[in-house]
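With my numbering, the residue at position 49 of the sequence shown is 55, and numbering never jumps.
Notes for the one structure printed next.
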Amino acid sequence: MVGVDTAELLWAIGLGIVQGITEFVPVSSSAHLLLIPELLGAENKVLRSLDFSVALHLGTALAISAAMAPAWWRLLRAAARPANDRGKGPGARVMLAAIVLASTVTGIVGILVEDLAESAFREPALAASVLVVGGVLMYLADRLPGNPDRSRFRNLALAGSAQVLALVPGVSRSGAIFTVARSLGMDRRSAIDFAFLLMAPVVIGAAAYRLPGLIGSPEFGGENLTLYAVGILSAAGSGYLVARALPGLVARSGVAGFCVYRMLLGAVVLVRLVVA
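Take a look at the structure:
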């Protein structure tokens, strides 16, 4: 492509794939987008910018929209059943109410602390430390016994509101919801399914909120537009595949592997920062 360095193009594709995977895997996409260019020495300032990170989140918003559309359709159909229906109607309405409440809380807090999240929180040492601590907490929570009957409004609302912590790099949105849900006694399947249902409106809403600022950015245009485009497409494609496959994997096997990965990555980054 004219005007675009091949190495930078590969970086954009690679970071898009990283975003697509880590947005849904409970290891924190924001931490990876912050730490990987830092560790591997990406020189292009655009690829290391907050604007590029926002663009990649737009890609995963497209991914979660497509991946979760069938599940959302089933939830809305169940919630619309008559009040005297003893089937899935009441449970679906409880879940829908919890999603609305948690999404509202997350949106309000996100807007209020937006400037802080974009400045003070974007520190490699903080992200690495949170990766380690979050990995330990998620591992301990997943060792607790679970019961599908624990999927009550209070538990769902508390677990869903935990995603506001994902404003801090190192905190995974799906990981925060899953950890709190399991801590409250929900089983793996219920916890991960709820996490993915809840991620859809929040990820889409966050992308829509930031889109005007991204389009108005001086970096969003010219030669950089190609980097943004391939990054978004890479994030959307890889994100869709992960969003479709991950809930079943977590329900069967748990999150121990992801927890170990978080702790190892965080420890490596902290050691490197100390040595440097």
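Heads up, the beta-carbon is just placed ideally off N, CA and C, and yes, glycines get one too.
For clarity, every value in this text was computed on a predicted model and none was experimentally measured.
Reduced DSSP category for residue i - H, G, I as helix; E, B as strand; rest coil
i: R128; result: coil
i: R83; result: helix
i: L190; result: coil
i: M7; result: Low confidence applies here, because M7 scores a pLDDT of 49, under 50, leaving its location unreliable and the question unanswered by this model.
i: L276; result: helix
i: L68; result: helix
i: F30; result: coil
i: L122; result: helix
Expected contact under 8 Å - CB spacing of residue i and residue j to nearest Å
i: V33; j: F264; result: 6 Å
i: G65; j: I238; result: 4 Å
i: V233; j: A18; result: According to the sequence as given, residue 233 is Leu; it is not Val. That pair is a contact at about 4 Å.
i: L217; j: F30; result: Not really, about 21 Å apart at Cβ, beyond 8 Å.
Span separating the alpha-carbon of residue i from that of residue j
i: M7; j: F202; result: Confidence at M7 is low in this model, with a pLDDT of 49, below 50, so the placement of that residue should be treated as unreliable; the coordinate-derived value is given next. Those two C-alpha atoms are separated by around 36 Å.
i: G20; j: N161; result: 37 Å
i: S244; j: S59; result: 16 Å
i: S55; j: A131; result: 18 Å
i: A282; j: V256; result: 36 Å
i: A242; j: M74; result: 13 Å
i: L204; j: P224; result: 33 Å
i: V15; j: A84; result: It should be noted that the sequence gives Leu, not Val, for residue 15. C-alpha separation (whole angstroms): 45 Å.
i: L276; j: T110; result: 35 Å
i: L1; j: A212; result: Residue numbering for the chain in the displayed model covers 7 to 282; residue 1 lies beyond these limits and cannot be assessed.
i: R149; j: G272; result: 22 Å
Proximity of residue i and residue j at Cβ, strictly below 7 Å
i: M144; j: V261; result: yes
i: Q285; j: S35; result: Since the displayed the chain opens at 7 and closes at 282, residue 285 lies outside it and no answer follows.
i: V170; j: V115; result: yes
i: G166; j: A108; result: yes
i: M192; j: R158; result: no
i: A133; j: L40; result: yes
i: R268; j: L137; result: yes
i: S189; j: G22; result: no
i: V142; j: A168; result: no
i: F226; j: V174; result: no
i: G254; j: R194; result: no
Any chain C beta carbon closer than 7 Å to residue i
i: R258; result: Among the chains in the structure shown there is no chain C, since it carries only a single protein chain.
_Suppose only complete runs of 4+ residues qualify. What are the alpha helix (DSSP H) ranges in the segment 201–267, listed by chain order?_
Listed in chain order, the complete alpha helix (DSSP H) runs (minimum 4 residues) inside the segment 201–267 are 230–259.
*Ignoring anything shorter than 4 residues or poking outside the segment 93–118, list the alpha helix (DSSP H) runs there in chain order.*
Runs found: 95–118.
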